[in-house]
Amino acid sequence: MNRLAIEPGSTVAYHTGDWRNQRPAYRDKWPPCGQTCPAEEDVQAWLALASDRQWEAAWRTLTERNPLPAVMGRVCYHPCERACNRAHLDTAVNIHGVERHLGDLALQQGWRHRPLTDQQQTQQVAVVGAGPAGLSCAFQLARRGFPVTIFDAQSTPGGTLSSGIPEYRLPKSVMQGEINAILALGIQLKLNTRIGADISADTLREEFVAVFLAVGALQPRTYPDDGYGDHSVMSGVDFLRRINDGERLSLPGQIAVIGGGNTAIDAARCARRLGAEVTVVCSQDPHGSHGGHPGAEIPASLDEVNQAEAEGVRLRYRMGVQRLVRSGAHLSGVEIARVDQIHDRHGRFNPVLFEGTEEFLPASLVVFAIGQEVDWRGLEPLVQTETSGIFVGGDAAGKPRFAATAVGSGYQAAMSIIALLTGVPPHYEHHDKAEVTFRDIKPQYYPRQARREGALMAASPGEFSERVAGLGNEAAHEEAGRCLNCGICFQCDNCWHFCPDAAVIKQGQGYRIDDDYCKGCGICAEECPSGHIDMERVAG
Amino acid sequence: MKSLLEGSRAVAEAVHLCRPQVIAAYPITPQTHIIEHLAQFVADGDLSAMFINAESEFGAASIVLGAVASGARAFTASASQGLLLMTEVLYNIAGMRLPVVMVCANRAVGAPINIFSDHQDSMSVRDAGWIQLYVESNQEAVDTVIQAYRIAEACELPVMVCMDGFFLTHTFEPVEIPQQTAVDEFLPPFHFARALDPSRPMTLGGGSEPDNYLEYRAGQHRAMEQARDVIEAIDADFSDHFARGYGGLVDPYRVAGAETVTVTLGSTMGAVRDVVDTLRENGMAVGALRLRCFRPFPAQALIHCLAGAKRIVVLEKAFSAGAGGIVTGELRAALHQAGLATPVEGVIGGLGGRDLTPAVIEAIFRRAATGASSVACRFADLNSDAAPST
Amino acid sequence: MDTRDAFRHNVLTSGHRACSGCGEAMAARMVTDLIGPEAIYVNATGCLQVFSTHNQQSAWQAPWIHSVFANAAAVASGVEAALRARGEDTPVIVQAGDGGTFDIGLQCLSGMIERGHDVLFVCYDNEAYMNTGVQRSSSTPHAVRTTTSPPGRVSEGKHHLKKDLISIVAAHRMPYAATATVAYFPDLRAKVDKAMRIKGPRFLHVLSPCPLGWDHDAALSVTVARLAVETGLFPLIELEYGAVTGVTRLARQQPVEEYLKLQGRFKHLFADKGGAEEIRHLQALADANIRRYGLLDANTEWDTDRASQTQRHGRGGYAASSREVSP
């Protein structure tokens with residue numbers, strides 16, 4: 003037999019797949035943003051939707067884990083951005099900016115949360131504390147059909163969000179809007195209700211099958227000085243609460259703020275807005291100088307620090323307070339000195355100062371923002387006995403005390419409560435996935451592209467309006483598009499273009515390897531931009 | 002109505018009548034006048050064809066290969082060194098079974114370089130798989146070109162029409178150029194089933210292996226064997242249409258009753274016919290036979306005509322150095338195969354344009370007629386003084 | 027016909043016998059799918075022809091013809107002439123290796139260009155005669171090890187420079203001639219698209235790594251091609267009527283060692299002093315290219331970063347869109 007003309011495509015009868023000794027496998031990996039997000043948001047997923055201008059879908063994906071995007075987009079210290087692989091290429095994706103944009107859009111458009119089920123459960127759950135942890139927990143439970151009642155001792159919901167974060171960082175209307183959307187799921191909110199005073203712990207225990215304690219850590223750690231209450235020494239928590247309650251304090255000319263956390267920076271910036279000369283004394287370093295040493299970096303968000311400095315707040319790094327200097331009852335300033343070490347060898351915060359490096363820092367008011375503790379009064383019957391059905395979360399559960407951590411702990415608590423009530427163990431996603439580091443990323447496939455920031459608006463004395471503008475649709479779309487899609491397939495077609503053997507078949511939403519023809523060269527894995535493809539040895 | 006035309010012009014007219022769509026060539030003496038005329042027809046808008054000036058004969062052959070593979074009727078012409086430069090592609094055209102038609106304006110092959118006629122060029126590509134038709138006159142050249150397209154397209158085999166350089170190409174003879182309508186009736190438009198066409202994608206010229214190459218070649222041989230009947234049938238059909246025929250494969254002249262028959266090819270036959278007439282008048286039983294179709298080799302037709310001869314002389318203008326005349330050897334083999342022991346004398350002559358005069362031809366006949374023992378290979382009209390010393 | 031993939035034609039489909047990681051198979055698949063099956067492909071003898079047609083099977087899903095080694099451009103001239111004679115404008119594409127382009131096929135290529143045939147000639151350059159077992163060609167770069175330019179006691183590999191073919195081609199007053207590689211698909215696509223919009227002879231020179239002859243890991247075929255560009259050894263340029271009209275600027279320049287060290291064909295250069303001198307020579311050649319074409323300072327937005335961008339939710343970019351269906 004011979005053929006003068008050969009049938010087109012007739013080589014498909016010859017299966018070159020026999021040649022290979024390794025084969026590619028498409029595998030989703032767990033990107034660093036999601037991995038570091040204290041609220042365990044699937045950041046990558048909602049960024050992808052945002053880059054596709056599917057704004058509402060992006061918001062819905064985000065709020066699966068965090069019902070407060072407009073809030074968190076403003077106040078979260080965004081560890082996701084520090085972990086973002088894009089930082090090695092140019093600059094990290096402005097994740098919090100996009101998050102805020104989605105939250106703002108939802109408020110603007112009036113998007114409503116949807117329950118996950120029509121089925122109404124009967125088991126009542128109590129949440130103590132209407133801060134981010136409590137709201138997050140209540141939100142997750144309510145979406146799943148559980149009747150939830152939130153109790154809060156304050157007259158407004160929000161917890162630290164309300165009392166501890168100044169208006170210029172988090173406008174009250176934004177917070178209230180997101181809280182209203184959560185409550186709209188049918189959650190009962192009982193304000194001005196302190197457990198142990200207005201309702202007893204035992205009553206609570208009887209009426210509710212599960213209780214989530216998210217009472218926060220609002221008790222300021224104090225400096226051993228007797229000056230509290232005489233207007234020359236104040237805690238950061240109190241200082242901020244008074245300002246957030248609308249009080250416009252009349253401040254002396256020079257103020258020292260002690261501490262390096264967000265409370266310290268917030269207090270300093272508020273004081274600055276009220277016209278004072280402000281110096282922040284903190285024992286930590288600014289970013290970078292002791293990179294990688296935990297605790298050596300200033301815990302406050304760097305953006306906040308930078309904005310504070312831009313507003314005229316002075317920062318004294320690696321300094322600690324030796325003593326308060328008084329002349330009579332009048333505070334004349336603080337003696338500060340160079341810090342040797344910040345933590346002792348047990349890892350406890352325990353600064354040691356160098357003798358002979360003392361300086362005098364004039365100040366008529368010292369604001370101590372050196373940490374907060376949980377106020378357990380009235381809750382003792384709930385926390386001191388080993389009873390099932392009691393869960394603790396948020397700042398009350400320990401460190402780190404960040405709003406996003408609180409949101410995450412609210413979710414975890416809700417899952418644990420549901421597991422307890424239904425007898426079904428909670429399901430956690432992602433935990434079996436491999437990490438994806440910058441080594442797995444092929445930077446040549448990503449164009450360098452400048453990060454879009456929300457515009458900074460001028461701050462004038464006495465002005466507490468919001469400082470940073472939102473991104474807007476265009477910038478948010480562009481910024482979301484900067485996501486490298488670490489470890490997942492974004493249908494770039496590289497494997498499909500480069501396969502010399504037509505062994506990668508494109509399907510509706512992805513690709514499949516045709517084992518009949520794949521010779522196992524490994525080009526697809528080598529050129530996968532996001533590290534989504536692994537090569538595996540095959541026997542033979 | 003006959004017109005007095007140069008052979009090249011007459012052939013160009015014939016090509017024109019066949020409506021080729023692509024003509025590609027590279028100039029070489031004595032083929033040049035053919036393509037110059039075609040170029041002029043195209044330049045004047047009389048012939049609607051793509052005229053491609055190739056960068057070499059190798060290119061020219063390749064261009065017509067591509068054109069025919071795309072379903073176009075194509076034409077090229079060459080000679081001598083040019084034909085040898087085409088050789089790789091000639092084999093390829095035949096192996097791909099592409100019905101290309103070309104004219105070889107037969108010329109000697111160097112070295113030493115020589116522009117004049119003999120058959121060493123076309124004979125050297127006898128194994129390439131092309132049908133080879135050798136013509137005697139310009140009229141036959143015209144008619145054979147027209148037949149060649151019919152044959153090629155019917156057999157899916159390439160055809161080389163061999164006409165002697167200068168003796169035919171540059172000679173003016175009265176020639177009847179057929180009417181276009183008559184040619185159109187005889188030669189239908191070219192339809193190539195394997196043409197390159199996106200609507201029916203096919204792969205042409207793919208690889209072969211030890212387990213199928215032999216079969217490809219055997220198929221080619223079979224097609225050549227079958228081509229003999231086709232050539233005869235088409236010549237007969239041509240004669241029905243145009244009242245001119247050439248005997249198909251062989252063209253015998255007064256072989257009936259002839260004891261000595263000279264076999265030759267091409268334009269030499271004209272002089273041989275005259276010599277036969279003269280010798281017949283002198284009472285010698287001589288005849289002649291022109292081998293019109295050299296490939297496929299018409300063994301049966303030859304035996305049929307030559308069975309009665311006592312002696313055969315092959316007068317040919319090509320040879321294989323160290324072996325002798327090519328047709329001579331093949332004819333001997335055919336006779337042997339047919340169980341005939343007729344002696345065959347091999348005479349090489351007319352190389353490099355040397356005139357085979359009636360005197361030389363008559364001497365060949367007379368020597369053979371004496372019954373002198375046949376010589377395997379000898380050179381006619383050889384001037385021993387002019388042979389180079391080694 | 028093989029219709030496994032709804033998003034591309036696979037003009038060159040599976041089951042071909044190219045080595046694992048073959049850069050030429052990759053290049054030919056990209057180029058032919060960008061052009062599509064509504065074209066006639068003429069192939070010179072070489073790896074591509076050998077591995078794509080075998081044992082009476084063909085990997086081609088478009089009309090395709092192979093004749094001999096040297097004549098692809100002439101065969102294509104004939105094909106094009108035949109189409110033109112019938113008033114058809116089906117595109118005609120030649121595919122050849124560096125042997126069939128730089129060396130044995132150069133005369134036919136020159137004739138095809140000079141006569142102005144409406145043909146796109148694509149040279150898949152793997153810088154040696156790979157099909158016959160890695161012998162040097164005039165495209166083989168200086169100092170490369172091949173079986174006919176072996177390094178030895180008195181030799182550091184090939185003694186002669188890579189032929190500057192694009193200049194030779196462009197000097198024909200060529201409407202369009204460009205270089206490309208497998209590494210920058212958007213760049214390759216832009217050039218194929220542009221070439222297909224232009225009438226007349228066009229030339230595309232695609233550097234196509236060969237894991238066998240270049241002696242590199244099969245997975246690195248794209249990486250190596252990228253480095254050939256980023257070192258300046260293989261400039262990505264476009265020429266129209268002899269003038270340089272497009273340059274893909276290097277976003278970053280890599281030292282030639284980064285390219286050389288991945289490939290066994292340059293291994294001998296890292297073994298001794300003589301080799302070190304040849305590495306400096308190769309660096310000088312790269313630097314000369316960079317100066318000649320302004321690869322670092324060309325006034326263009328189109329650089330190697332842009333030229334390698336991927337698309338989210340890519341729709342393929344192939345001519346297959348008319349067939350696109352949701353499976």
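Those protein sequences? They're chains A, C and H, same order as listed. Letter by letter, the first sequence follows residues 3 to 542 of our numbering. Letter by letter, the second sequence follows residues 2 to 391 of our numbering. Letter by letter, the third sequence follows residues 27 to 353 of our numbering. Where a beta carbon is used, it is the ideal one built from N, C-alpha and C, also for glycine. Note that the structure is predicted; figures quoted are calculated from it, not measured.
| Query | Result |
| --- | --- |
| Spatial neighbours of A/L317 in its chain, beta-carbon cut-off 6 Å, leaving aside the 5 residues before and after | V282 |
| Residues near H/P237 in its chain [Cβ-Cβ closer than 8 Å; skip 5 each side] | C45, S46, G47, C48, G49, D243, A244, L246 and S247 |
| Listed by chain order, chain C residues near A/A7 by CB distance under 8 Å | R195, M203, T204 and L205 |
| Residue-level contact to chain A via CB, C/R367, 9 Å cutoff | no |
| Endpoints, the beta strand (DSSP E) within which H/H92 is located | W90 to H92 |
| Within 9 Å of chain A by C-beta, residues of the segment 218-232 of chain H in sequence order | none |
| Cβ-based contacts, 8 Å cut-off: residues of the segment 27-53 of chain A near chain C | none |
| Start-to-end residues for the alpha helix (DSSP H) that takes in A/S334 | A/S334 -> not in any alpha helix (DSSP H); beta strand (DSSP E) instead, spanning H332 to H345. |
| Beta-carbon gap between A/H98 and A/C82 smaller than 9 Å | yes |
| Partner residues on chain A for H/F33, Cβ-Cβ distance less than 7 Å | K508 |
| Residue-chain proximity (C/I313, chain H), Cβ-Cβ < 9 Å | no |
| Exposed unless 16 or more other CB atoms sit within 10 angstroms - verdict on C/E210 | exposed |
| Beta carbon proximity, A/N96 to chain H, threshold 9 Å | no |
| Stretch pair the segment 48-62 of chain A + the segment 147-165 of chain A: three plus CB contacts closer than 8 Å | no |
| Exposure of H/T326, with buried meaning 16 or more beta-carbon neighbours within 10 Å | exposed |
| Straight-line Cα distance separating H/R228 from C/S81 | 34 Å |
| Beta strand (DSSP E) segment containing A/T119, residue limits | Taken as a continuous stretch (DSSP letters only), A/T119 belongs to no beta strand (DSSP E), as it is neither H nor E. |
| With 16 other Cβ atoms within 10 Å as the buried cut-off, status of H/I224 | exposed |
| Cβ-Cβ distance between A/G1 and A/A371 below 9 Å | Past the boundaries of the shown model lies residue 1 of chain A; chain A is included only from 3 to 542, so the question cannot be answered. |
| Touch test, the segment 342-354 of chain A against the segment 303-311 of chain A, Cβ-Cβ under 8 Å, three pairs minimum | no |
| Runs of beta strand (DSSP E) wholly within the segment 168-249 of chain A (minimum 3 residues, chain order) | 190-192, 212-215 and 235-237 |
| Inter-residue Cα distance where the pair is A/R25 and A/E529 | 15 Å |
| DSSP three-state assignment for A/G297, whether helix, strand or coil | For A/G297, the predicted structure reports a pLDDT of 47, less than 50, and the residue's modelled location is therefore unreliable. A value from the coordinates is still provided. Coil, per DSSP. |
| Nearest-angstrom Cβ-Cβ length linking C/V69 and C/M164, presumed shorter than 8 Å | Their Cβ separation, rounded to whole angstroms, is 21 Å, which puts C/V69 and C/M164 out of contact at 8 Å. |
| Which of helix, strand or coil DSSP assigns to C/L5 | strand |
| Reduced DSSP category for C/G372 - H, G, I as helix; E, B as strand; rest coil | coil |
| Beta-carbon neighbours of H/N315, restricted to chain C and to distances below 9 Å | The contacting residues do not exist; H/N315 stays about 30 Å from chain C at best. |
| Reference A/G11, options H/N81, H/L60 and H/A53, closest by Cα | H/N81 |
| Nearest to A/W274 (by Cα), restricted to the options A/G262, A/S285 and A/P254 | Looking at the sequence provided, one finds Arg at residue 274 of chain A rather than Trp. For A/R274, the nearest C-alpha among the options comes from A/P254. |
| Same chain, Cβ closer than 8 Å to C/T170, neighbours up to 5 away in sequence not counted | E7, G8, S9, V12, P31, Q32, H34, I35, A106 and M164 |
| Assigned secondary structure, A/M3 (DSSP; H/G/I helix, E/B strand, else coil) | Confidence is the limiting factor: at A/M3 the pLDDT is only 43, short of 50, which leaves the residue's position unreliable, though a coordinate-based value still follows. The answer is coil: DSSP assigns A/M3 none of H, G, I, E or B. |
| First through last residue of the beta strand (DSSP E) which encompasses C/C306 | Per DSSP, C/C306 belongs to no beta strand (DSSP E); it is in the alpha helix (DSSP H), A300 to L307. |
| Length-filtered (4 minimum) alpha helix (DSSP H) runs lying within the segment 120-166 of chain H | 132-140 |
| 9 Å Cβ cutoff, C/M97 in contact with chain H | yes |
| Residue interval of the alpha helix (DSSP H) (run including A/M417) | A405 to T424 |
| Meets three-Cβ-pair contact criterion under 8 Å: the segment 192-208 of chain H and the segment 166-175 of chain H | no |
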